[in-house]
Each structure stands twice: as structure tokens, then as C-alpha cells.
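See structure below.
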Amino acid sequence: MASNPTRLQRSIGGLLGAHAGDSLGATFEFQSYAEIKKSYPTGLREIVGGGIFQFPVGAATDDTDMTRGVLLAYYHHLIPKESRQQQLLDDDSQSGSAVIDSHDVVKLAAQYFLNWLNGDWPGRQKGGRPVDIGGATLAGLLKLNGIENLDQAGAGIGQAGNGSLMRCIPTGIFQACRAEMMEQSMRISAITHNDARCTISCAAYNTIVYALLREKSPREAIDEALQAAKSLEESCDQDTGRAVEKAIRLGLTLSTADMATNGPKELQGKAKGYVLESLSIAVAALIDTRPLEDILVDVVRIGGDTDTNAAIAGGLLGVRDGVDAIPLRWRETLQFHQEFERIGSLLVEATKNSYCE
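Dropping the structure here:
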């Protein structure tokens, strides 16, 4: 961990931290705490692939793929067309050639999600569906066909999985204006996950990212997220029962090391994909003062939706500690590490003078 990581180090750290958590956790996806403890009593410290979907070492699951979709939307949105043509993605990572030319980053994200769904994506046969896709994500994307107003998409109220929280970090990193960051976090979530617990969780999570990039401490960043969640939940037309605020506060009481050692007793859903539990785990990870590697290993040990929980936590830890805190042996295995570093660097440069509150 750099003593005071630069904005660039934090930005790339957030992207690769999410990717690393995803790829590390993919090995145990859907396994319980007890099952993981039996095979790896002290956790797995290497990215080895495999798992229920037999991913190659370092492969992106749906978590990183959809994060990439949001990242490419900001790249398309913020980098002038002529510059994009000069800085083409590698041939083996090019996708979205038919993406619309839009000034609306939300529409761009939706189009990249559809490209991913329909097989216009690296490492996939053209037209082939993803092997790993959440039910709410699939339902939301299937509704997009023929819908002009993206605000009418989404899987519906009551669908509160973590499938939008897992992909939201590029907005927190690259949308320089706080108000627009919160709005875009919620609207990009609502493409597939329009339950307020999901949309507000994304806004609160990215409030943490936004604050960490501005060198706030983890606790200061979490306090800002609490304020954001409280305000959004009070003004929301869905009654959340202040569930997002409560999830953040629960995270402040949790210990990742304790959950990894004794199981996720405080999480009724056993960390199997409920957005609020994933948010609580990420907050607990952020306030853990140990090295990033140790924390992510323990997040995976908790079990359940291991890749997504670790991706969400890894994003915050990467922004907190900077990219150099992610083990080099992990980074070198990641499917999109070079592309994320390249695009992330371009976007940091493009937005360096754009900060506003």
C-alpha cells in the first residue's frame, strides 16, 4: 500500500481490485462457508480459476464483464471520437462496434450490456450467451428490447440481488461531479436492478469511492455514504425502511476476519447475493486495516456469492490502498488488466480538471 496513493493509483486500484476479487472468488462461487473451510481451512491465496463454471485462471466472470461495460461507456462518453480512433482497444478486446453514438452514458452502458449478453465480447463465441448471469440481470436486459425509456427497464421491485452493485465502480471513479455521480449510479443500476435497495446501494457505494479518491479516510467516506443513503431513502418513492443505511451501519460492526474464521452468523442470507449483505461485507472490508490480500482472501472464505462479494469489497480496497497493494502475481493473471490500466489512465487524464461537488 502506498502511503498516500495518487488519484491514478487509486483509480486503477479500484478497477483491478474489483477484477481481482471477482477472479479470486470465482473458484468458490455458490459454496458455503463450511464447504470452503473444509477444502481450504485458511483460505485460498492464489487465483486459480475453476469453480462451478470452470473459468480459466484470471478470467472475468459476469461481475468484471459488466464492470467493463460501464467502463467502456465512460470511455465512449468522455474520450472524443477522434481520440478513441487513435487509442483503439486491442483487437482481442474490442467489442461494441455497433454501440450507439450517444451523449447519455446510461444508454451507452445499456448497449454494452446488451453486447455482452448477445456475445459481442472478448473470449466468447459470437452470439453466445454468458455462462454466468444473474436472474435479475437477465430479466432486466431482456426487457430492454423495444424500450425507449431506460427508466422503464429493470427486473422489478422486490428483486434485490447484488448484480448492479458489483459493476458500479467506474461511475464513482470517473464521474467527476457528485450529483451526476449519484444520479448515474442509480440509473445504471436501474437498467437491470430498479429496486431502491439496489439503486441506493450503488449511490452509497460510489459515494465512498468518490470520497476515497479525494483522500478522505475510510470512516469519513462511510459517513458521507450514510448521509447519502439517509437522504435518498427519505426522498424515495419506495419504502426501504432505511435498509441501505442500516446495512452500512451493520458493516461497521462486522469483522471480516471473524466471519472468515467463524462464519457469517450476522448475515441471515449467508452472503448468497442479497445486495445489502454484499454492501455490509464491503464496508467491513474497508475498515479492516490489514493488507488488501489478507482481507480479500477472508471475504472469499465467508462463502456464498464469493466472486461478487469479493469484487465489491475489492473495488473499495483498491481505491483505498492503490493498485500497488494488489499482489502483482494476481494482477498479471487478470483477463482485462492491461485494458483496464490503459482505459483507466486515459479517463483519469481526461477528467483531471473536471472535479466538482
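To get this note's numbering, take the position in the sequence shown, counting from 1, and add 879. Ideal Cβ positions, reconstructed from N, Cα and C, are used throughout, including at glycine.
Using the Cβ count rule (16 or more neighbours within 10 Å means buried), how would you classify residue i?
i       : result
Val1227 : buried
Ser1224 : exposed
Ala1058 : exposed
Gly975  : Any reading at Gly975 needs caution, since the residue's pLDDT is 44, under 50, leaving its predicted position unreliable; the model's value is listed next. The residue is buried, with at least 16 neighbouring Cβ atoms inside 10 Å.
Glu1103 : buried
Pro959  : exposed
Val1010 : exposed
Glu1211 : exposed
Asp999  : buried
Glu1113 : exposed
Ile931  : exposed
Ile1026 : exposed
Leu1092 : buried
Leu1207 : exposed
Arg1008 : exposed
Gly1148 : exposed
Lys1231 : exposed
Lys1186 : A small correction: the amino acid at residue 1186 is Asp; Lys does not occupy that position in the sequence shown. Buried, since its Cβ has 16 or more Cβ neighbours within 10 Å.
Ser918  : exposed
Glu1094 : exposed
Glu925  : exposed
His982  : exposed
Ser962  : exposed
Find the nearest neighbour of residue i within the set the options, judged by alpha-carbon distance.
i       : options                               : result
Ala1150 : Pro1170, Val1179 and Val984           : Val1179
Asp1184 : Thr1230, Leu887 and Thr940            : Thr940
Glu1062 : Asp1030, Pro1170 and Ala1100          : Asp1030
Thr921  : Val1176, Leu1196, Asn1028 and Leu1092 : Val1176
Pro1001 : Phe1215, Arg1221, Phe1219 and Asn1232 : Phe1215
Ser1068 : Gly900, Cys1081 and Trp1209           : Cys1081
Gly1120 : Thr1086, Thr1168 and Leu1155          : Leu1155
Thr946  : Tyr919, Pro1049 and Ala1108           : Pro1049
Ile1205 : Ile1222, Asn1232, Arg1169 and Lys1231 : Arg1169
Ile1070 : Phe1053, Gly1033 and Asp1186          : Gly1033
Ile900  : Ile1101, Ser962 and Ala1192           : The question names Ile, but residue 900 is Gly in the sequence shown. The shortest Cα separation from Gly900 among Ile1101, Ser962 and Ala1192 belongs to Ala1192.
Glu914  : Gln1147, Lys1231, Ala1139 and Glu1218 : Ala1139
Phe1219 : Glu925, Leu951, Gln933 and Asp1200    : Leu951
Ala1122 : Ala1075, Lys1144 and Glu1094          : Ala1075
Glu908  : Arg886, Ser962 and Gln933             : Gln933
Going by the CB atoms, is the gap between residue j and residue i shorter than 8 angstroms?
i       : j       : result
Ile1160 : Tyr912  : no
Gly904  : Asn1141 : no
Leu1111 : Ile1079 : yes
Ala1190 : Ala897  : yes
Leu993  : Leu1020 : yes
Ala1090 : Thr1135 : no
Val936  : Val949  : no
Asp1203 : Gln888  : yes
Gln990  : Ala1015 : no
Leu895  : Leu1213 : yes
Val985  : Arg1066 : yes
Asn1073 : Gly1035 : yes
Gly1194 : Asn1041 : no
Thr855  : Ala1107 : Only positions 880 to 1236 of the chain appear in the structure, and residue 855 is not among them; the question remains open.
Ala1100 : Ile1127 : no
Ser902  : Ala938  : yes
Leu1171 : Asp1200 : yes
Lys1144 : Glu1124 : no
Ser890  : Ile1052 : yes
Assuming residue i and residue j form a contact by the criterion Cβ under 8 angstroms, report the distance between their Cβ atoms to the nearest whole angstrom.
i       : j       : result
Cys1077 : Leu1023 : About 17 angstroms separates the two Cβ atoms, so there is no contact after all.
Thr906  : Leu923  : 6 angstroms
Pro884  : Gly892  : 7 angstroms
Leu1158 : Gly1197 : Not a contact, Cβ separation roughly 17 angstroms.
Pro1097 : Ile1166 : 6 angstroms
Pick out the complete alpha helix (DSSP H) segments inside the segment 1035-1108, 4 residues or longer, and give them in chain order. 1048-1053, 1057-1069 and 1075-1092
Start-end ranges of the beta strand (DSSP E) lying completely within the segment 897-976, minimum 3 residues: none
Runs of 4 residues minimum, wholly inside the segment 1140-1212: which ones carry the alpha helix (DSSP H) assignment? Within the segment 1140-1212, the complete alpha helix (DSSP H) runs of at least 4 residues are 1154-1166, 1171-1180, 1185-1200 and 1207-1210.
In chain order, which continuous runs of the beta strand (DSSP E) of length 3 or greater are located wholly inside the segment 990-1038? none
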